[in-house]
Every structure is written in structure tokens, then in C-alpha cells.
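In our numbering, the protein residues as written are 1230 to 1421.
For each residue, glycine too, the CB sits at the ideal point set by N, CA and C.
Shown next, in C-alpha cells, is the structure this report addresses.
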């Protein structure tokens, strides 16, 4: 079938179906390698690449989101610590110490806001990666189903061909048996 890899060289005059193109490459020590570039083969490869890429994308997006959440958590935790210190020290510190703590709290507040925005960004990226992974899984499943369908059709055609071959062999055998009988009868009918 056109879906299977075939070895050998295909000459331009022998090209039977122009929609099935084969690419040959020659490597020293490895021999000739002919690659099937039919539409179905290319679709299966694209689905495989999409699945691999979407898995990598999801993995990286998950890692980025996890790191962003950890950084946000640290920023919020640090802000809370400074606010507790500030509240516990109210009335006990000098104006410069109070101002210094307020600046630190403000810095951690803005740091937490930046980290929250980063979390939102990576959360959105992660959701896109999950959706892309779902689509890749569906494409891979569809590709497998198509391959099963093609395999089933090929098996059916092979069985039909075998049945036809058996029928032809039976007809040929019957023909040979019939022609042997004619030859014997003709031998008796001949005058020597």
C-alpha cells in the first residue's frame, strides 16, 4: 500500500500516484533510505510532533506557574512579616525606623503585586497549554483511529485478494484437468 515504507529507488517514469511523494536520502554506510511523504504519513507525523511539543509546552508552563506561585507566596509572606513587625513596634520606634518599615512594607506590597501579575500571566499560559495538550491528544487519537481504519481496510483487501487468487488457482486447476482429458481422448482418436 502507499502508506507503508518501501525500499528501493523510484524512477520518475514509474511514479504511479503523484500525491504520494517519496524522499530518498543516501548516507555513507547506511544505504538508501526512502521516506513516505503521503498526506496521511505527514498528518501522523504532525500529530506526533504536536503531541511532543504540547507536552513540553505544558511541562514548561507548569514549571513557570509553580515558580511564580512560590515567588508570590514568598513576597506575601515577607510583607506579612514586616507588617507584623510594624504593628508590634508602633509607638516604640523612631520616625525614621517607622518610615523605613513602611517603605519595606510598600516594597513588598509592590513585589507581591508584580508576582501576582506574573502568576496571572503564567496561569493563562498554563490554561492554553492544557487546552493545546487536549487538542494534541485528540489529534493523536484521531491519527491512531485512522491508522486502524487503514490497517483494517488493507487486511480486508488482502483477504479479498487471497480469495480471488484461490479462485483463479481452482479455475486453472480445473482447466488443466479438463485439457488433460481432451488430450487423452484425442490420442485415442488419432489414426497412426
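Minimum C-alpha distance to residue i - residue among the options
i            : options                : result
residue 1334 : 1363, 1307, 1280       : 1307
residue 1273 : 1294, 1385, 1400, 1366 : 1366
residue 1286 : 1322, 1359, 1309       : 1359
residue 1349 : 1270, 1297, 1403       : 1297
residue 1275 : 1329, 1386, 1364       : 1364
residue 1347 : 1403, 1407, 1377, 1294 : 1294
Own chain, CB closer than 7 angstroms to residue i, minus 5 neighbours either side, in chain order
i            : result
residue 1304 : 1337, 1340, 1341, 1344
residue 1284 : 1362
residue 1329 : none
residue 1321 : none
Nonlocal neighbours in the same chain, by C-beta distance under 6 angstroms from residue i, ignoring five residues either side
i            : result
residue 1356 : none
residue 1354 : 1290
residue 1244 : Legend: pLDDT at residue 1244 = 47, less than 50; position of this residue unreliable, value from coordinates given subsequently. Once the five neighbours on either side are set aside, residue 1244 has no close Cβ partner at all.
residue 1242 : At residue 1242 the pLDDT is 48, less than 50, meaning the model places this residue with poor confidence; the figure from the coordinates comes in the next sentence. Result list for residue 1242: empty, nothing under 6 angstroms.
Contacting residues, own chain, Cβ-Cβ under 8 angstroms from residue i (five flanking each side not counted)
i            : result
residue 1326 : 1318
residue 1301 : 1341, 1344, 1345, 1347, 1348
residue 1331 : 1315
residue 1323 : none
Below 8 angstroms, can you find three or more Cβ-Cβ pairs linking the region 1263-1278 to the region 1312-1319?
no
I'd like the ranges of any alpha helix (DSSP H) spanning at least 4 consecutive residues and lying wholly in the region 1332-1389.
none
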